[in-house]
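Structure first, then comments.
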Amino acid sequence: MTATMHTLASGPGWHVTDVICTAGAGDRPFEEAHQDFCVAAVTNGTFRYRAQQGTAMLAPGALLLGNPGTCYECGHEHGSGDRCLSFHFGPSYMERIVAGVPGARKLAFEVPRLPPLPALASLLAEAETARETADIDAFEELGLRIAGAAVATVSSPTHVRRAPSRRDQKRVAEAVRRIELDADGPVPLSALADETATSPYHFLRIFRQVAGMTPYQFLLKTRLHRAAVRLHMSDEAVSAIAFEAGFNDLSTFNRRFRRIMGETPGQYRARRGAMGVRVA
Numbered sequence: 006m007t008a009t010m011h012t013l014a015s016g017p018g019w020h021v022t023d024v025i026c027t028a029g030a031g032d033r034p035f036e037e038a039h040q041d042f043c044v045a046a047v048t049n050g051t052f053r054y055r056a057q058q059g060t061a062m063l064a065p066g067a068l069l070l071g072n073p074g075t076c077y078e079c080g081h082e083h084g085s086g087d088r089c090l091s092f093h094f095g096p097s098y099m100e101r102i103v104a105g106v107p108g109a110r111k112l113a114f115e116v117p118r119l120p121p122l123p124a125l126a127s128l129l130a131e132a133e134t135a136r137e138t139a140d141i142d143a144f145e146e147l148g149l150r151i152a153g154a155a156v157a158t159v160s161s162p163t164h165v166r167r168a169p170s171r172r173d174q175k176r177v178a179e180a181v182r183r184i185e186l187d188a189d190g191p192v193p194l195s196a197l198a199d200e201t202a203t204s205p206y207h208f209l210r211i212f213r214q215v216a217g218m219t220p221y222q223f224l225l226k227t228r229l230h231r232a233a234v235r236l237h238m239s240d241e242a243v244s245a246i247a248f249e250a251g252f253n254d255l256s257t258f259n260r261r262f263r264r265i266m267g268e269t270p271g272q273y274r275a276r277r278g279a280m281g282v283r284v285a
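Listed below in structure tokens is the structure:
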């Protein structure tokens, strides 16, 4: 087995699993089937996801979208391993979610994934914190919020279907893994382009097409996500967390954190007690 699945929490019509995959380029992907609706948040690694809705590269912060009864494959020719928080919903449960989302009309997902979006950043940081702190009571609400956000996004008229080539997916996946590895330090665009044997302009264009944001935006998202998780899980000073995440200036960190997360680092940390999240 190249993947292990551990159920974190469940209830009538839903459950959430922690999925850790160790597959690599030498492992041949095999066909599986979604039993229920699936909205899986990628927390580490990259992989190629092929489903009835299309093919996409999944990176940290992206949401995998699956429909019940449909087959899919996951491939790791871009690099080894990944980890996801996978939320599953029965059709009747999902039908109630869709009914509560303004403008949503269809029950089935028509796209295979959502890229890492700033609007989801705070929510996904909460979900990863709940996993790391074993806060099982938080998962039903988190599942509803994540599924509702996914339905609302794909129902938006501004949502565009993308079909990047497999070659571009590979290039961007390699760059994403480099950013993940070195997010606490400088990651120049020129260096990323050189490593994928493309010009900076071409690399910037394909990265945005595949990942849904620019390399710098992805770097900032990665740093802010890690800082948000640490704010929930530790009592370290905000300044220490900011510097260790790769920000050289506290005011810059505070400003960017507030813009993406919707509140200051201090306010974000203060909500930890209200949500009942334990400090690791």
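Adding 5 to a residue's 1-based position in the sequence shown gives its number in the numbering used here.
Positions of the beta carbon are idealized from the N, C-alpha and C atoms, including for glycine.
All of these numbers come straight from a predicted model, not from anything done at the bench.
Could you compute how far the alpha carbon of residue i sits from the alpha carbon of residue j?
i: Thr-134; j: Lys-111; result: 31 Å
i: Arg-183; j: Asp-173; result: 15 Å
i: Ala-8; j: His-237; result: 28 Å
i: Gly-190; j: Phe-248; result: 10 Å
i: Arg-213; j: Glu-185; result: 16 Å
i: Ala-30; j: Arg-171; result: 14 Å
i: Val-165; j: Asp-199; result: Because Val-165 sits at a pLDDT of 48, beneath the cut-off of 50, its placement in the model cannot be relied upon, and the following sentence gives the value as read from the coordinates. The alpha-carbon atoms of Val-165 and Asp-199 are separated by roughly 29 Å.
i: Ala-275; j: Ala-242; result: 13 Å
i: Ala-139; j: His-207; result: 43 Å
i: Asp-23; j: Leu-68; result: 14 Å
i: Tyr-221; j: Asn-253; result: 15 Å
i: Ser-204; j: Phe-94; result: 43 Å
i: Thr-269; j: Leu-194; result: 29 Å
i: His-20; j: Val-103; result: 18 Å
i: Leu-63; j: Arg-101; result: 27 Å
i: Thr-219; j: Arg-228; result: 14 Å
i: Arg-150; j: Arg-264; result: 20 Å
i: Arg-53; j: Ala-202; result: 21 Å
i: Val-192; j: Glu-131; result: 26 Å
i: Leu-197; j: Leu-209; result: 9 Å
i: Ala-125; j: Ala-61; result: The residue you asked about is not Ala; residue 125 is Leu in the sequence shown. If I take the Cα positions, the gap works out to 19 Å.
i: Ala-56; j: His-39; result: 10 Å
i: Cys-43; j: Pro-169; result: 23 Å
Taking the continuous beta strand (DSSP E) assigned at residue i, which residues delimit it?
i: Val-44; result: 42-50
i: Ile-265; result: Unbroken run through Ile-265 is the alpha helix (DSSP H), 255-266; no beta strand (DSSP E).
i: Glu-78; result: 76-80
i: Val-5; result: There is simply no residue 5 to check, as the chain begins at 6 and stops at 285 in what is shown.
i: Val-21; result: 19-26
Going by C-alpha distance, which of the options is nearest residue i?
i: Gly-74; options: Asp-41, Gly-16 and Gly-108; result: Asp-41
i: Val-177; options: Ala-56, Asn-259, Ser-195 and Thr-51; result: Thr-51
i: Arg-261; options: Gly-84, Asp-142, Ala-242 and His-230; result: His-230
i: Pro-107; options: Ser-160, Gly-251, Val-234 and Gln-57; result: Ser-160
i: Leu-129; options: Leu-90, Arg-55, Asp-32 and Ile-246; result: Leu-90
i: Glu-37; options: Gly-71, Leu-13 and Glu-137; result: Gly-71
i: Glu-78; options: Arg-235, Ile-141, Val-234 and Asp-32; result: Asp-32
i: Lys-226; options: Ala-196, Val-181 and Ala-245; result: Val-181
i: His-11; options: Met-218, Thr-201, Ile-141 and Ser-244; result: Ile-141
i: Arg-235; options: Ile-151, Ala-45, Tyr-273 and Arg-118; result: Tyr-273
i: Arg-88; options: Gln-57, Ala-46 and Arg-53; result: Ala-46
i: Thr-158; options: Leu-119, Ser-239 and Phe-35; result: Leu-119
i: Asp-240; options: Thr-257, Gly-271 and Phe-258; result: Gly-271
On the premise that residue j lies in contact with residue i, defined as a C-beta separation below 8 Å, what is that separation, rounded to the nearest angstrom?
i: Gly-105; j: Gly-66; result: With 8 Å as the limit, Gly-105 and Gly-66 do not qualify as a contact, their Cβ atoms being about 25 Å apart.
i: Gly-16; j: Phe-92; result: 11 Å between Cβ atoms; not a contact.
i: Ser-127; j: Met-266; result: 4 Å
i: Val-116; j: Gly-59; result: 7 Å
i: Leu-13; j: Phe-144; result: 6 Å
i: Ala-232; j: Ile-246; result: 5 Å
The alpha helix (DSSP H) spanning residue i covers which residue range?
i: Phe-153; result: Per the sequence shown, residue 153 should be read as Gly rather than Phe. Segment 144-160, the alpha helix (DSSP H) holding Gly-153.
i: Leu-186; result: 171-186
i: Ala-250; result: 243-250
Determine, using beta carbons only, whether residue i and residue j come nearer to each other than 8 Å.
i: Leu-224; j: Ala-188; result: yes
i: Ser-85; j: Thr-27; result: yes
i: Val-156; j: Ala-109; result: yes
i: Pro-121; j: Ala-216; result: yes
i: His-83; j: Glu-179; result: yes
Say the cut is 7 Å; is the CB of residue i nearer than that to a heavy atom of the ligand NAD?
i: Ala-132; result: The model on display carries no ligand, and the ligand NAD is accordingly not part of it.
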